[in-house]
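Each residue of the sequence shown is one higher than the one before, counting from 3 in my numbering. Don't be surprised by glycine CBs; every beta carbon is placed ideally from N, CA and C. Please read these numbers as outputs of a predicted model, since none were measured by experiment.
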Amino acid sequence: MTRPLYVLKVGSATLDRAAIHKEIADVVARGARVLLVAGGASGIERHYAAIGRPVPTLRLTNGDVVRYCPPEEMDHLVDAYERVTLPAVERGLRAQGLRVFTAVGARGGLVVGRANRPLKALSAEDRPVVIRDHRAGVPADADTEALNALLDAYDVVCLSPPVADRNGEAPLNVDADVLAAVLAVALDADHLRLVTGTAGLLTDPADPDSTLRDAYPGDGARYAGGRMRQKVRAAEIALKDSSADVAITGPHTMSEASGWTRFWRTRGPADDLDLLTRAVSVSSVSGDEAELASCLAEWCRGRGIEARIDAAGNLVASRGTGSRRLLLLGHLDTVPHRWPAEWRDGELWGRGSVDAKGSLAAFLEVLADAAVPEDGQLVVVGAVEEEISSSKGAFHVRDHYLADAVVIGEPSGSGKLTLGYFGLFKLAVTASVPTGHSAGMDAVSAPDRLIRVLGEIRASVLEHAPEALSAVIDIRCERGRERDRAHGILNFRVPPGADLDALRTAALQHAGDGVDVEALRATPGHQGGRSGPLAKAFTRAFAEAGVRPRFVVKKGTSDMNTLATTWHDVPMVAYGPGDSALDHTDEERIGGEEYRAARALLADAVSRWFALPEGSLR
């Protein structure tokens, strides 16, 4: 499972508060890598006071006062970070049980910058002067190989200004917010958080409750003044050059309950496509669903919908308290390899647009608008880890949210209804041989043996399930002092009704004499009929829309299979917008009209299901 990367910029006033260290520890506990960029204003003041040295300043022609950094001052600035700011950060994070690496960006050339042009300032006599020795600049490049190695070795990597000068001169002081944005771009971060002392970006600096909740490119500059200008600049650098999701948070916290200004790269072409656009814009690769879950929960609460994050990390949103429960089960996660969401010619391109954020966004919009009867309850769940073998979210749903009927959110296309899925039978196979030279007489290598046994297992399983699809999806080899080993993962998609116990027996009979076989997953296929009440509700909705539907059973698997392991006689179908042939490809995209058609048809089907007599739900 890919470990997400958070880049966090935290100012010195916030770093002085213990609460932020706990929040960072919570991010690490979710399995994320964390690159922290530390601001140092208060540390610089403390260090200069300790050495009895005044902090030199410049008064600019616009009236701003900035720290003056001639070459002879840079050693003192580095000392302020290395002796005050960074040690304090390390102590605070180590107190949370975290392994921490700290350094100024200039050390070892971790970050390299370019110097600014000479600066125009005012002399003590208010005469304009040009300052040519001010060592300020902008970060330009990072040693990503070294930084990734550090991120893999430590729980938190903390960097601060100054950075190295690309021309080999004295280090350069740089803005810490911009440094964080440049690092987020260079490292392809999933999330960038700029923590500040206010509740995000305020539209009225005098009103602490005037948080601008959502900002698009160019919006922030209208409201940003003082230090906030650099945070907005940093946010827009990241928006332009990366696919990270970006937010300014505060006051002095990253908490979901705090003031957040989320920055979005693109708007939907119409208001009714905004939720879809935002869902696709927030990275949520398997294991990194928390930010999307939080964002969607916030959307629900803003519309008076009860929403929470459950113990598995699933988004759970509901309306109604009646005994008849219809569950709309989508998933939050995507496969890896993100890119910025973008509308092109009426289609939204981006990872997850089809699989399956289009379905989940439609579910939530239907939930918001549905007329739920007094005896009914409509529940939407955005599950975690559907794209990986754990199916953690769906197992939690299976064991905690029993329903009378279920619609699975997977792309069927607006004109098709999925009645079922093949099951999954996955094996880990290891073949080992005594270590020896592969050129020896009659030598059989570990890979040779693995390939042979995989073929034998495949043949045995297919005897019992000839309609199954099979593929070797992973192979790796290792040499040992006494034995060489080759490991493979053999995957079968098995039709509904296949005898999984017989398949397991057929596979495991090949174990022994240097061959290990382990069944990693055995999830049965599931198929419902077209005559059930839920399928009929959809059929009538198709007819009302003038659509002649197709009914399909898909060769892949979905969370339907997980529920069906214990939910017997519960009607289930899968429905959602988009072409499933685009799943997991770099061509993934969904049309706005396709999304609208599926959303409207789903809303009609939900209404028709709730109109059924209670005794006919199954």
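8 Å Cβ shell around residue i - same chain, five flanking residues per side excluded
i	result
residue 456	431, 474, 490, 492
residue 531	421, 537
residue 72	58, 135, 136, 137
residue 91	17, 38, 40, 102, 104, 160
residue 80	106, 108, 164, 173
residue 348	271, 593, 594, 595
residue 50	56, 57, 78, 82
residue 141	107, 113, 114, 115, 165, 176, 180, 181, 184, 185
Host beta strand (DSSP E) of residue i (start-end)
i	result
residue 418	418 to 423
residue 262	261 to 265
residue 252	247 to 252
residue 96	First-last for residue 96: 88 to 96, but that is the alpha helix (DSSP H), not the beta strand (DSSP E).
residue 384	378 to 385
residue 218	No beta strand (DSSP E) contains residue 218, which DSSP labels as neither H nor E.
residue 104	102 to 106
residue 621	Look at the range of the chain in this structure, 3 to 620, and you will see that residue 621 is not part of it.
residue 390	From DSSP, residue 390 is part of no beta strand (DSSP E); its letter is neither H nor E.
residue 523	517 to 525
residue 59	59 to 62
residue 132	130 to 133
Same chain, Cβ closer than 7 Å to residue i, five either side skipped, listed in chain order
i	result
residue 98	23, 24, 27
residue 375	324, 612
residue 101	156, 157
residue 448	433, 434, 435, 479, 486, 487, 488
residue 145	111, 112
residue 127	none
residue 418	551, 552, 554
Extent of the continuous alpha helix (DSSP H) run through residue i
i	result
residue 621	Residue 621 lies beyond the stretch modelled for the chain, which goes from 3 to 620, so this question has no answer here.
residue 50	43 to 52
residue 535	535 to 546
residue 507	502 to 510
residue 243	230 to 243
residue 109	Note, residue 109: premise wrong, no alpha helix (DSSP H); not H, not E.
residue 30	20 to 31
Pairwise C-alpha distance: residue j and residue i
i	j	result
residue 203	residue 176	22 Å
residue 304	residue 131	53 Å
residue 115	residue 254	28 Å
residue 34	residue 294	15 Å
residue 454	residue 482	21 Å
residue 234	residue 185	16 Å
residue 223	residue 241	14 Å
residue 400	residue 178	46 Å
residue 290	residue 6	6 Å
residue 8	residue 192	6 Å
residue 169	residue 125	29 Å
residue 152	residue 198	26 Å
residue 554	residue 30	42 Å
residue 564	residue 397	7 Å
residue 342	residue 278	14 Å
residue 93	residue 122	40 Å
residue 331	residue 534	19 Å
residue 598	residue 367	11 Å
Cutoff 6 Å; reference residue i; Cβ partners in own chain excluding five residues on either side
i	result
residue 180	236
residue 318	310, 312, 383
residue 118	138, 139
residue 308	320
residue 205	212, 214, 225
residue 4	287, 338
residue 275	594
Closer than 8 Å: residue i CB and nearest the ligand HEM heavy atom
i	result
residue 203	Among the ligands in the structure shown, none appear at all, so the ligand HEM cannot be discussed.
Could you say if the segment 267 to 285 and the segment 579 to 599 meet the contact criterion of at least three C-beta pairs nearer than 8 Å? yes
Do the segment 105 to 116 and the segment 161 to 169 meet, that is, are 3 or more Cβ pairs less than 8 Å apart? yes
List in chain order: all unbroken alpha helix (DSSP H) runs of 4+ residues lying wholly within the segment 287 to 366. 292 to 303
For the segment 85 to 96 against the segment 33 to 45, are there 3 or more C-beta pairs whose distance is under 8 Å? yes
If we require 3 or more residues per run, which beta strand (DSSP E) segments fall completely within the segment 548 to 605? 552 to 556, 574 to 576, 591 to 593
Could I get the ranges of all uninterrupted beta strand (DSSP E) runs contained in the segment 144 to 196, with 3 residues as the minimum, in chain order? 158 to 162
Below 8 Å, can you find three or more Cβ-Cβ pairs linking the segment 505 to 525 to the segment 397 to 411? no
How about the segment 581 to 592 and the segment 512 to 525: do they share at least three Cβ pairs that are nearer than 8 Å? no
Would you call the segment 410 to 429 and the segment 569 to 576 touching, i.e. three or more CB-CB distances under 8 Å? yes
Spell out a yes or no on whether the segment 385 to 398 and the segment 459 to 466 are touching, meaning 3 or more CB-CB pairs, one atom from each, closer than 8 Å. no
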